[in-house]
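Colleague: Those sequence lines, one after another, are chains E and D.
For the first sequence, the positions run 2 to 349 when the numbering used here is used.
For the second sequence, the positions run 2 to 349 when the numbering used here is used.
Every residue gets a Cβ at the ideal spot worked out from N, C-alpha and C, and that includes glycine.
2 protein chains.
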Amino acid sequence: MDLRIFLVGFGNVGRAFSALLKDRVASILCSSGVNLKLAAVATRSKGTACHDEGLEISHLLESERITGRVDSSGQKGVLVGKPVVDMIEGLDFDVLVECSSPDLERGEPATSYIMMALDKGKDVVTSNKGPLFHNYHILSEIASQRKASFLFEGTVMTGTPVFSLFRRCLIGSRVLRIEGVLNGTSNFILDMMKRGSSFERALMEVQRRAYSEPDPFLDIDGWDSASKASIIAQVLMDAPFTPFSEISIEGIRTLDPDLFIRADRMAGSVRLICRVEKQADSYAISVKPEILPSNHPLCSVSGITNGALFMTDTIGEICITGAGAGPLQTAHALLMDILSLQGNFSRR
Amino acid sequence: MDLRIFLVGFGNVGRAFSALLKDRVASILCSSGVNLKLAAVATRSKGTACHDEGLEISHLLESERITGRVDSSGQKGVLVGKPVVDMIEGLDFDVLVECSSPDLERGEPATSYIMMALDKGKDVVTSNKGPLFHNYHILSEIASQRKASFLFEGTVMTGTPVFSLFRRCLIGSRVLRIEGVLNGTSNFILDMMKRGSSFERALMEVQRRAYSEPDPFLDIDGWDSASKASIIAQVLMDAPFTPFSEISIEGIRTLDPDLFIRADRMAGSVRLICRVEKQADSYAISVKPEILPSNHPLCSVSGITNGALFMTDTIGEICITGAGAGPLQTAHALLMDILSLQGNFSRR
Chain E
2 MDLRIFLVGF GNVGRAFSAL LKDRVASILC SSGVNLKLAA VATRSKGTAC
52 HDEGLEISHL LESERITGRV DSSGQKGVLV GKPVVDMIEG LDFDVLVECS
102 SPDLERGEPA TSYIMMALDK GKDVVTSNKG PLFHNYHILS EIASQRKASF
152 LFEGTVMTGT PVFSLFRRCL IGSRVLRIEG VLNGTSNFIL DMMKRGSSFE
202 RALMEVQRRA YSEPDPFLDI DGWDSASKAS IIAQVLMDAP FTPFSEISIE
252 GIRTLDPDLF IRADRMAGSV RLICRVEKQA DSYAISVKPE ILPSNHPLCS
302 VSGITNGALF MTDTIGEICI TGAGAGPLQT AHALLMDILS LQGNFSRR
Chain D
2 MDLRIFLVGF GNVGRAFSAL LKDRVASILC SSGVNLKLAA VATRSKGTAC
52 HDEGLEISHL LESERITGRV DSSGQKGVLV GKPVVDMIEG LDFDVLVECS
102 SPDLERGEPA TSYIMMALDK GKDVVTSNKG PLFHNYHILS EIASQRKASF
152 LFEGTVMTGT PVFSLFRRCL IGSRVLRIEG VLNGTSNFIL DMMKRGSSFE
202 RALMEVQRRA YSEPDPFLDI DGWDSASKAS IIAQVLMDAP FTPFSEISIE
252 GIRTLDPDLF IRADRMAGSV RLICRVEKQA DSYAISVKPE ILPSNHPLCS
302 VSGITNGALF MTDTIGEICI TGAGAGPLQT AHALLMDILS LQGNFSRR
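Below is the structure:
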């Protein structure tokens, strides 16, 4: 069977996803009988393109590399030029893969794109935090009404299972409390500072390696962490949307240098820790640099790695750590979400 | 709908599972519409009992506590006294929950029980390592032929997701290499020795707390760890069955005391580490005490906790740590496996 993918966004993640799709399409067809086709690519600044039989991904990547646009590859049969919303509305496809540029302030236009696709009863897969942070409950309600799947493992911890861990593995378990190291950039900076670097040099290094968000203040001032903690709280703890103004956020821009000396003395580490705790009838969400002792499961979460510690009502504490950043990892997260749409992909 | 459970074994795990079932049955019915019924209990040394409408679990637990038997509760309509195999053969049920006494040497009689149930096309859930270690490939083949589910999350890491993590979350990912702390008893002993205890005192303490296997040599000499490493290798890496004689096994009974001094000097920990590595056309499985440096993800896996580090071909390294022992945790693992048999239990 064919599965037609509508890709929104062709930045680092969109390109990495397309390249991964090209690499994997044959082996996925062989192992599962599902033929993944890139039916359309839509962007706001690089044009749009679609093809009934699926776009030729190598041409698309090459043309974007040279011209900066997706509508110039000259593939036979390719239609170009319509606005994104018209394409979502008008085209036939099976799954929308949303990775347009992030907007933590409002979650737009991604929220509108996702809503349109779900409203059509189409499955949606995204790595975009904005729509989840602002509109998880609304989007998930629409998905449920329209019997569509809405998956977003790539939004937090870049494909290291968090949401599917509870939905598909720890079935019937409730999350009572969360601690997490959810921002790779600030964790990388803290590790460099532990080894004696200044904050400024560490920030330059992490930007040079392109780990950070385009606006590094989102990382270092704790906004990215706060949005992820809130997403986990909404999805796994049924917390309502909590605006930034009601989250206690402290970043790593102005740290007491003494913190690293004290951490060193106890063989611990300074980490930017997100916490979610359920209180009587509310949820306390916070982001704050803390010293973790050496026996804390998140102490060894180093560099751009992420980690989350969950207190469950069934088997106690569970901790999972893994990839925290990177377009390729995010692309894998999107592809795994797509594969999980097909029950029959799952190995026995 | 009713889901009729056939429970084999009424030791620590069987009793904990029954008690958990009793506690959860109402909330599961309410949240999913599935009515879990304990249709039968069969043991080799405590008798057998079954009831068309489901056994009264509190009577069963009480009668076993007083008389040591499951066939003496005097519940109306209860049939007692048939051999286990006749009951599996003759009774109608939906899922076999196998937690009879462990036998790492041959995996019997559990393997036969499981095989009979799968052959009837019935789903099987187990926490019993023996059948998995010796006969995973055979049992999984029968399950596949008979379109039955065969789940065993409780065999390794006591319900902390390992198998479902790859089958249901990291879909399409291959495991290239594994490191694990898979035996809670030896890990608890190593932690006590780190704090200055002798091996003998630590062993007595862990036995007093009833964490260890009935034969503690299975834990401390590495056999339990080796069987679990082999199970993971078979299930997640397609390794063939590897007999103990072909696994390199070193336990913790005669440790060089200098090991702890060296570990302390580098702020590390001594852990009994299982490794599985795929080589050209074979698999190297080993169990050995090692010093892990403080930045190793398994260094902080303390006490009876377990942990496993997987190198994947998609998103790199993933580490998961959690419960490593305990009848209640194992009972939760069995129940989660049962719940996952019903796709509709899964939260959206």
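1. When you compare only the Cα positions, how much space is there between Val98 of chain D and Asp265 of chain E?
2. Using a beta-carbon distance cut-off of less than 7 Å, what residues from the region 302-325 of chain E approach chain D?
3. With H, G and I counted as helix, E and B as strand and the rest as coil, what does DSSP make of Leu30 of chain D?
4. Would you kindly work out how many angstroms separate the C-alpha atoms of Pro103 of chain E and Pro290 of chain E, rounded to a whole number?
5. Closer than 8 Å, Cβ to any Cβ of chain E: which residues of the region 223-251 of chain D, in chain order?
6. Between which two residues does the alpha helix (DSSP H) carrying Tyr114 of chain D extend?
7. Is Ser165 of chain D close to chain E? Criterion is C-beta to C-beta, closer than 9 Å.
8. With a cut-off of 9 Å, does the C-beta of His60 of chain E fall near any C-beta of chain D?
9. Run through DSSP, which three-state label would Asp3 of chain D get?
10. Can you pull the DSSP bridge partners for Phe151 of chain E?
11. Could you spell out where the alpha helix (DSSP H) holding Val85 of chain D opens and where it closes?
12. Tell me, please, whether the CB atom of Tyr284 of chain D is closer than 9 Å to any CB atom in chain E?
13. Is the region 10-24 of chain D touching the region 55-64 of chain E in the sense that three or more CB pairs, one from each, lie closer than 8 Å?
14. Could you check if Phe311 of chain E is buried or exposed, using at least 16 other CB atoms within 10 Å of its CB as the buried criterion?
15. Between Arg349 of chain E and the rest of its own chain, which residues show a CB-CB distance below 7 Å, the 5 nearest in sequence each way excluded?
16. Which same chain residues end up closer than 7 Å to Ser228 of chain E when comparing Cβ atoms and leaving out the 5 residues on each side of it in sequence?
17. Identify which residue in D:Gly155, D:Ser226, D:Arg178 has its Cα closest to the Cα of Glu251 of chain D.
18. Which two residues bound the contiguous beta strand (DSSP E) that contains Gly131 of chain D?
19. Is Ile29 of chain D close to chain E? Criterion is C-beta to C-beta, closer than 9 Å.
20. Exposed or buried, Thr127 of chain E, counting other C-beta atoms within 10 Å across all chains shown (16 or more means buried)?
21. Residue ranges of each alpha helix (DSSP H) run of no fewer than 4 residues wholly in the region 248-297 of chain E, ordered along the chain?
22. Could you give the distance in angstroms between the alpha-carbon of Val1 of chain E and the alpha-carbon of Arg25 of chain E?
23. Evaluate the contact criterion for the region 204-213 of chain D versus the region 233-249 of chain D: three or more CB pairs, one atom per stretch, below 8 Å.
24. Can you tell me whether Val176 of chain E is helix, strand or coil according to DSSP?
25. Looking at the secondary structure, which residues open and close the beta strand (DSSP E) in which Ile319 of chain E lies?
26. DSSP state of Glu57 of chain E, grouped into three classes?
27. Does the beta carbon of Leu22 of chain D sit closer than 9 Å to a beta carbon anywhere in chain E?
28. Just the chain E side, please: which residues come within less than 9 Å of His1 of chain D by C-beta, in chain order?
29. What in chain E is Cβ-close to Pro162 of chain D, meaning under 7 Å?
30. Which chain E residues are close to Ser341 of chain D, counting only those with a beta carbon under 7 Å from its beta carbon?
31. On a CA-only basis, which of D:Ser150, D:Pro328, D:Val182 is nearest Thr322 of chain D? Give me that one, please.
32. Could you say which of E:Thr161, E:Ser165, E:Val85 lies nearest to Leu342 of chain E if we only look at CA atoms?
33. Could you check whether Gly317 of chain E and Gln330 of chain D sit closer than 9 Å to each other, using their CB atoms as the reference points?
34. What does Gln330 of chain E reach in chain D if we use C-beta pairs closer than 9 Å?
35. Per the DSSP calculation, Leu37 of chain E is bridged to which residue(s)?
36. By Cβ distance below 7 Å, which residues in the same chain neighbour Ser150 of chain E in space, the five residues on each side in sequence not counted?
Modeller: In brief:
1. Translated into positions along the second sequence, residue 98 of chain D becomes position 97. Translated into positions along the first sequence, residue 265 of chain E becomes position 264. Distance between the alpha carbons of Val98 of chain D and Asp265 of chain E: 49 Å.
2. Ser303, Thr315, Ile316, Gly317, Glu318, Ile319, Cys320, Ile321, Thr322, Gly323, Ala324
3. Along the second sequence, one-based indexing puts residue 30 of chain D at 29. Helix at Leu30 of chain D.
4. As a position in the first sequence, residue 103 of chain E is number 102, starting the count at 1. As a position in the first sequence, residue 290 of chain E is number 289, starting the count at 1. Whole-angstrom Cα-Cα distance: 25 Å.
5. none
6. Residue mapping note: residue 114 of chain D aligns to position 113 of the second sequence, counting from 1. Run containing Tyr114 of chain D: 111-120, per the alpha helix (DSSP H) assignment.
7. As a position in the second sequence, residue 165 of chain D is number 164, starting the count at 1. Chain E contact via Cβ: present.
8. Along the first sequence, read from residue 1 onward, the residue named residue 60 of chain E stands at position 59. So, not an interface residue.
9. Along the second sequence, read from residue 1 onward, the residue named residue 3 of chain D stands at position 2. It is a strand residue.
10. Counted from its first residue, the first sequence places residue 151 of chain E at position 150. The partner list for Phe151 of chain E (beta bridge, DSSP) reads E:Val125.
11. As a working note, residue 85 of chain D is residue 84 in the second sequence. Element bounds for Val85 of chain D: 85-91.
12. Here residue 284 of chain D is taken as the residue at index 283 of the second sequence, counted from 1. By this cut-off, Tyr284 of chain D is not an interface position.
13. no
14. The residue labelled residue 311 of chain E in the question sits at position 310 within the first sequence. Flag for Phe311 of chain E reads buried.
15. Taking the first sequence and counting its residues from 1, one reaches residue 349 of chain E at position 348. Here Arg349 of chain E scores only 29 on pLDDT, less than 50, and its place in the model should not be relied on; the value that follows carries that caveat. Closer than 7 Å at the Cβ level, and outside the excluded window around Arg349 of chain E, lies no residue.
16. Counting from one through the first sequence, the residue named residue 228 of chain E turns up at place 227. Closer than 7 Å at the Cβ level, and outside the excluded window around Ser228 of chain E, lie Leu105, Lys130, Phe134.
17. Here residue 251 of chain D is taken as the residue at index 250 of the second sequence, counted from 1. In terms of Cα proximity to Glu251 of chain D, the closest of D:Gly155, D:Ser226, D:Arg178 is D:Ser226.
18. The residue given as residue 131 of chain D occupies position 130 in the second sequence. Not the beta strand (DSSP E): Gly131 of chain D falls in the alpha helix (DSSP H), residues 130-146.
19. Here residue 29 of chain D is taken as the residue at index 28 of the second sequence, counted from 1. Chain E, which has a Cβ nearer than 9 Å to the Cβ of Ile29 of chain D, makes this yes.
20. Here the question's residue 127 of chain E lines up with position 126 in the first sequence. Counting Cβ neighbours within 10 Å, Thr127 of chain E comes out buried, since at least 16 surround it.
21. Within the region 248-297 of chain E, the complete alpha helix (DSSP H) runs of at least 4 residues are 259-266.
22. Residue numbering for chain E in the displayed model covers 2 to 349; residue 1 of chain E lies beyond these limits and cannot be assessed.
23. no
24. Counting from one through the first sequence, the residue named residue 176 of chain E turns up at place 175. The answer is strand: DSSP assigns Val176 of chain E an E or B state.
25. Position 318 of the first sequence, counting from 1, holds the residue named residue 319 of chain E. Element bounds for Ile319 of chain E: 318-323.
26. Taking the first sequence and counting its residues from 1, one reaches residue 57 of chain E at position 56. If DSSP states are grouped into helix, strand and coil, Glu57 of chain E belongs with coil.
27. Numbered from its first residue, the second sequence carries residue 22 of chain D at position 21. Closer than 9 Å to the CB of Leu22 of chain D there is not a single CB belonging to chain E.
28. Because chain D in this structure spans residues 2 to 349, residue 1 of chain D falls outside the shown range and cannot be described.
29. Taking the second sequence and counting its residues from 1, one reaches residue 162 of chain D at position 161. Chain E residues near Pro162 of chain D: Leu166, Cys170, Leu171.
30. Within the second sequence, residue 341 of chain D is the residue found at index 340, counting from 1. Correct list: Ile172.
31. For the purposes of this step, residue 322 of chain D is identified with residue 321 of the second sequence, where counting begins at 1. It is D:Val182.
32. Residue 342 of chain E sits at position 341 when you count from the first residue of the first sequence. Ranking the options by Cα distance to Leu342 of chain E, first place goes to E:Ser165.
33. On the second sequence, residue 330 of chain D is found 329 positions in, with the first residue counted as 1. On the first sequence, residue 317 of chain E is found 316 positions in, with the first residue counted as 1. Result yes, Cβ atoms of Gln330 of chain D and Gly317 of chain E sit closer than 9 Å.
34. Taking the first residue of the first sequence as position 1, residue 330 of chain E is located at position 329. Result: Thr315, Ile316, Gly317.
35. Sequence index remark: in the first sequence, residue 37 of chain E carries index 36 (1-based). In DSSP, Leu37 of chain E forms a bridge with E:Leu4.
36. Taking the first residue of the first sequence as 1, we reach residue 150 of chain E at position 149. Within the same chain, and ignoring the five residues on either side of Ser150 of chain E in sequence, the residues whose Cβ sits closer than 7 Å to its Cβ are Asp124, Ala144, Leu342.
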